[in-house]
Amino acid sequence: MIGWIKSRFNDIRFRNKLLLSHLVIALIPILLLGLLSFIQSYRIQMKELRSEAEASLEQAASIMDYKINRYNTLSEFMVLNREFSQIFTKDYDENYYQMYLDFRDIMEPMISNIKLMDDDIEGITFYTSGELLGIRNNILPIGELRSKTWYDGFRGRRWIVDGEKLYLVQELISNPKDSNFMVISIQHDSIFGDLDNLSEHISVQIEAQDQHIIFQENRDQNAAAEVVKREQGDLSLSRSLASNGWTIHYSLLNTNAYANAMSIFQITLFVIILSLIITFLLIYIISNNFTRRILRLKTKVDKVERNNLDVIIQSSSRDEFGELTNGIGKMLRRINSLISQVYHAEIAKKESEYNRLISQINPHFLYNTLSFIRWRAEKKSDIETSYMVSALARFYRTTLNQGRHMTTIEAEIQHIKAYLDLQLIMNDGLFDVDYDIDEEALQAKVIHFVLQPIVENAIKHGFVEAAATDYCLLITIGRVSEGIKLAVTDNGVGMTPEQITRLLTSENGGCGVRNVNDRIKLYYGQDYGLVIQSEPGHGTEVSMVIPTSST
Numbered sequence: 026m027i028g029w030i031k032s033r034f035n036d037i038r039f040r041n042k043l044l045l046s047h048l049v050i051a052l053i054p055i056l057l058l059g060l061l062s063f064i065q066s067y068r069i070q071m072k073e074l075r076s077e078a079e080a081s082l083e084q085a086a087s088i089m090d091y092k093i094n095r096y097n098t099l100s101e102f103m104v105l106n107r108e109f110s111q112i113f114t115k116d117y118d119e120n121y122y123q124m125y126l127d128f129r130d131i132m133e134p135m136i137s138n139i140k141l142m143d144d145d146i147e148g149i150t151f152y153t154s155g156e157l158l159g160i161r162n163n164i165l166p167i168g169e170l171r172s173k174t175w176y177d178g179f180r181g182r183r184w185i186v187d188g189e190k191l192y193l194v195q196e197l198i199s200n201p202k203d204s205n206f207m208v209i210s211i212q213h214d215s216i217f218g219d220l221d222n223l224s225e226h227i228s229v230q231i232e233a234q235d236q237h238i239i240f241q242e243n244r245d246q247n248a249a250a251e252v253v254k255r256e257q258g259d260l261s262l263s264r265s266l267a268s269n270g271w272t273i274h275y276s277l278l279n280t281n282a283y284a285n286a287m288s289i290f291q292i293t294l295f296v297i298i299l300s301l302i303i304t305f306l307l308i309y310i311i312s313n314n315f316t317r318r319i320l321r322l323k324t325k326v327d328k329v330e331r332n333n334l335d336v337i338i339q340s341s342s343r344d345e346f347g348e349l350t351n352g353i354g355k356m357l358r359r360i361n362s363l364i365s366q367v368y369h370a371e372i373a374k375k376e377s378e379y380n381r382l383i384s385q386i387n388p389h390f391l392y393n394t395l396s397f398i399r400w401r402a403e404k405k406s407d408i409e410t411s412y413m414v415s416a417l418a419r420f421y422r423t424t425l426n427q428g429r430h431m432t433t434i435e436a437e438i439q440h441i442k443a444y445l446d447l448q449l450i451m452n453d454g455l456f457d458v459d460y461d462i463d464e465e466a467l468q469a470k471v472i473h474f475v476l477q478p479i480v481e482n483a484i485k486h487g488f489v490e491a492a493a494t495d496y497c498l499l500i501t502i503g504r505v506s507e508g509i510k511l512a513v514t515d516n517g518v519g520m521t522p523e524q525i526t527r528l529l530t531s532e533n534g535g536c537g538v539r540n541v542n543d544r545i546k547l548y549y550g551q552d553y554g555l556v557i558q559s560e561p562g563h564g565t566e567v568s569m570v571i572p573t574s575s576t
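The sequence shown begins at 26 in the working numbering and counts up by one.
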């Protein structure tokens, strides 16, 4: 482990080593001072948090007591109203008109006034076992109340919380044979809404008289609150409501105390870090004097690494660093001299190789063609002989190209047309020839004598089936995004991948297609050359792309 740390430290830049050493030395007192500041601040904040929570709990309990007493008063107002209560105990004996009058003149005005007095009342429902069943939608059988999960046969008045529903259940005045209850549905937020806006550092919980939990806030923090309550009992506060017997429990989360203590710690840390930064700046200025020349030398060496060998590396300083800089400069000048020598030697070598390759072509074709013409002339006199001699003269005039290595695409087309005239005569019209040439590319420059060996190879090795009568040769020249594309396509017998490889690499290729491929790479670079696409029985396409900058 120590060895690894030492190795990593040695890889750090010299200036960073100075700054890192100073940081480690200064960081120890900063941490000690900050820790002490945090502990003291936390204790103070916990006391303030408890005092604030006690005041908040007292206020919340008072508000809830007031709201609950208000609804209790409204409920008692209705129950103690004699005319209203008699509606549920009166024996109408099928006197429905009197029942209608009681509902119209007593019950409905009473309910409407109660709702107008408080917008948070969602509805008032009555449950009875008397004669009023079926008269109104809000009068239901007592059996439905008894079927509620929260009803346990209680009498009198009780507050019920069922999920997000809040009810005030009040028993009405009843006769010996009837049971009557009034249930007031109240908006949940009207009682518990204020508890939703408590501090995020307070977890609140309300229990009913049977210790059943009827409300929880900050539920995602309840687990943390329970841990705090078990470990520190003074962080849990409770308050009972006089109006209905509910108990409010406050659990104080120490997150706020931590946050406030941390803010004080941060202020202390800021002052110390500011002093440390000033010290760092002084160290930086001093270290920069040592490292500036190293960085300047590194920048120049990086340029050399990116093949920029024209960089001048030289120093007037006489110290060890100056001697190192001048030594690197001398070495770079020596490298430039050697590269220049190798470059000119390579150019001369390529020029010699190019001339050797191009010189191999002319005698080869001249020997074959003149031998055939001599044989043809000796065999019989034919008018075609004069035409062949004329075509041959045109062919060699374009072949020699006055000794130049470059020609225009137009001249190369004239050359290949003369060659094909000879081949069509020698092969008795064995194949057809089509041209697809972009006239805008005719004046572009190309190395001399690149199409003829490809066409010769297509005729000699592609059109070999004696029974075939529909051989065709297509010469295409046009512009592409990379430059100008020249292609020779035939519908002959095609080639296998192995044959394609031998055609471009084998020494048996002589001065044919391999010669053309080598010349293209010599002149345009190794990224260029012939591209051969062929399948047995489906013909062959040999193409090349001449870069536009070279045309």
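Backbone N, C-alpha and C define an ideal beta-carbon position, used for all residues, glycine too.
Bear in mind the structure is a predicted one, so any value in this text is a computation, not a measurement.
Could you check whether the stretch 123-137 touches the stretch 147-166, counting it as contact only if at least three pairs of C-beta atoms, one from each stretch, sit closer than 8 Å?
yes
With H, G and I counted as helix, E and B as strand and the rest as coil, what does DSSP make of Ala249?
Counting from one through the sequence shown, the residue named residue 249 turns up at place 224. For Ala249, the predicted structure reports a pLDDT of 42, less than 50, and the residue's modelled location is therefore unreliable. The matter cannot be settled from this model.
For Val475, which of helix, strand or coil comes out of DSSP?
For the purposes of this step, residue 475 is identified with residue 450 of the sequence shown, where counting begins at 1. In this structure, Val475 counts as coil in the three-state DSSP scheme.
Using DSSP bridges, identify the partner residues of Ser265.
Here the question's residue 265 lines up with position 240 in the sequence shown. Answer is Thr272.
Report yes or no: do three or more beta-carbon pairs, one from the stretch 489-497 and one from the stretch 550-562, lie closer than 8 Å?
Taking one beta carbon from each stretch, the stretch 489-497 and the stretch 550-562 have fewer than 3 pairs nearer than 8 Å; the two do not touch.
Three-way DSSP call (helix, strand, coil) for Val37 in this model:
As a first step, residue 37 must be located in the sequence shown, where it is residue number 12. This sequence places Ile at residue 37; Val is not what is there. Residue state, collapsed to three classes: coil.
Asp515 burial status per 10 Å Cβ neighbour count (16 or more: buried):
Here residue 515 corresponds to residue number 490 of the sequence shown, with the count starting at 1. It counts as buried.
Give the C-beta separation of Ile139 and Leu99 to the nearest angstrom, bearing in mind that I take them to be a contact with Cβ-Cβ under 8 Å.
Position 114 of the sequence shown, counted from the first residue, corresponds to residue 139. Position 74 of the sequence shown, counted from the first residue, corresponds to residue 99. Sure, about 6 Å apart at Cβ, within 8 Å.
Of the residues Val367, Phe217, Arg317, Asn542, the one placed nearest Asp145, counting alpha carbons only:
By one-based count along the sequence shown, residue 145 stands at place 120. For the residues Val367, Phe217, Arg317, Asn542, the minimum Cα distance to Asp145 belongs to Phe217.
For Ile364, collect the residues of the same chain with a Cβ closer than 8 Å to its Cβ; drop the 5 residues on either side in sequence, then sort them by chain order.
Against the sequence shown, residue 364 aligns to sequence position 339. The answer, listed in chain order, is Leu334.
Measure the alpha-carbon distance for Gln366 versus Gly554 and round it to whole angstroms.
Looking up residue 366 in the sequence shown gives position 341. Looking up residue 554 in the sequence shown gives position 529. Going by the C-alpha atoms only, they are around 28 Å apart.
Is Pro579 helix, strand or coil by DSSP?
Examination of residue 579 is not possible in this model, given that the chain is present from 26 through 576 alone.
If contacts are defined as beta-carbon pairs under 8 Å, then Ile441 and Leu476 qualify, I think. What distance do you get, rounded to the angstrom?
In the sequence shown, residue 441 corresponds to position 416, counting from 1. In the sequence shown, residue 476 corresponds to position 451, counting from 1. The pair is a contact, with the Cβ atoms about 5 Å apart (cut-off 8 Å).
Are the beta-carbon atoms belonging to Ser559 and Gly503 less than 8 Å from one another?
Position 534 of the sequence shown holds residue 559. Position 478 of the sequence shown holds residue 503. Going by C-beta atoms, Ser559 is not nearer than 8 Å to Gly503.
Report all residues from its chain with a CB closer than 7 Å to the CB of Val541; omit the five preceding and five following residues, and keep chain order.
If you number the sequence shown from 1, residue 541 lands on position 516. Cβ neighbours of Val541 beyond the five flanking positions: Val475, Pro478, Ile479, Leu555.
Would Gln468 pass as a contact of Thr433 if the rule is Cβ separation under 8 Å?
As a working mapping, residue 468 is identified with position 443 in the sequence shown. As a working mapping, residue 433 is identified with position 408 in the sequence shown. Against a cut-off of 8 Å, the Cβ pair of Thr433 and Gln468 comes out as a contact.
Contiguous alpha helix (DSSP H) assignments of at least 4 residues, all confined to the stretch 79-123:
107-114
Here's a check: name, in chain order, each residue in its chain whose Cβ is nearer than 8 Å to the Cβ of Glu465, leaving out the five neighbours to either side.
Locating residue 465 in the sequence shown gives position 440, counting from the first residue. Only Arg504 meet the Cβ criterion.
Buried versus exposed, by CB contacts within 10 Å (16 or more), Gln448:
As a first step, residue 448 is located in the sequence shown; it is residue number 423 there, counting from the start. Buried.
First and last residue of the beta strand (DSSP E) that includes Glu147?
In the sequence shown, counting from the first residue as 1, residue 147 sits at position 122. Segment 146-153, the beta strand (DSSP E) holding Glu147.
According to the Cβ coordinates, are Glu242 and Leu262 closer than 8 Å?
What you label residue 242 is simply residue 217 of the sequence shown in a count that begins at 1. What you label residue 262 is simply residue 237 of the sequence shown in a count that begins at 1. For Glu242 and Leu262, no; Cβs fall outside 8 Å.
What's the call for Gln191, buried or exposed, on a 16-neighbour Cβ count within 10 Å?
Translated into positions along the sequence shown, residue 191 becomes position 166. One detail in the question is off: residue 191 reads as Leu in this sequence, not Gln. It is buried - the Cβ of Leu191 has at least 16 other Cβ atoms within 10 Å.
Would you mind stating whether Ile227 and Ser81 have Cβ atoms separated by less than 8 Å?
Against the sequence shown, residue 227 aligns to sequence position 202. Against the sequence shown, residue 81 aligns to sequence position 56. Cβ distance < 8 Å, so Ile227 and Ser81 count as in contact.
Can you give me the Cβ contacts of Gly181 inside the same chain, cut-off strictly under 7 Å, excluding the 5 residues immediately before and after it?
As a first step, residue 181 is located in the sequence shown; it is residue number 156 there, counting from the start. Here the set comprises Glu196.
Helix, strand or coil for Gln212? Go by DSSP, reduced to three states.
Reading the sequence shown from its first residue, position 187 is the one you call residue 212. Coil.
Secondary structure of Gly352, DSSP reduced to three states
Start at 1 with the first residue of the sequence shown, and residue 352 comes out as number 327. In this structure, Gly352 counts as helix in the three-state DSSP scheme.
So, at 7 Å on beta carbons, what are the nonlocal neighbours of Tyr46 in its own chain, with the 5 sequence-adjacent residues on each side left out?
Within the sequence shown, the letter at position 21 stands for residue 46. In the sequence on display, residue 46 carries Ser and not Tyr. None.
DSSP state of Asp457, grouped into three classes?
By 1-based counting over the sequence shown, the position of residue 457 is 432. DSSP places Asp457 in strand when its eight states are reduced to three.
Buried/exposed call for Glu83, threshold 16 Cβ in 10 Å:
One-based indexing of the sequence shown puts residue 83 at position 58. With fewer than 16 Cβ atoms within 10 Å of its Cβ, Glu83 is classed as exposed.
Residue burial classification, Ser66 (beta-carbon count within 10 angstroms, cutoff 16)
One-based indexing of the sequence shown puts residue 66 at position 41. That one is buried.
Taking the runs of the beta strand (DSSP E) that are 3 residues or longer, which of them lie wholly in the stretch 129-197?
146-153, 164-166, 182-187, 190-196
In the DSSP assignment, find the beta strand (DSSP E) that holds Ile571 and state where it starts and stops.
Taking the first residue of the sequence shown as 1, we reach residue 571 at position 546. Its beta strand (DSSP E) spans residues 565-572.
Can you list, in chain order, the residues of its chain with a C-beta nearer than 6 Å to that of Lys325? Leave out the 5 residues immediately preceding and following it.
One-based indexing of the sequence shown puts residue 325 at position 300. Cβ neighbours of Lys325 beyond the five flanking positions: Val336, Ile338.
Which residues share a DSSP beta bridge with Lys470?
Taking the first residue of the sequence shown as 1, we reach residue 470 at position 445. Note: Lys470 sits in a beta bridge opposite Thr433.
Quick one: Cα of Met103 to Cα of Phe113, how far?
Taking the sequence shown and counting its residues from 1, one reaches residue 103 at position 78. Taking the sequence shown and counting its residues from 1, one reaches residue 113 at position 88. Each residue's alpha carbon lies about 12 Å from the other.
Would you mind reading off the limits of the alpha helix (DSSP H) that contains Asp552?
Residue numbering aside, residue 552 sits at position 527 when the sequence shown is read from its first letter. Neither: Asp552 is in no alpha helix (DSSP H) and is coded neither H nor E.
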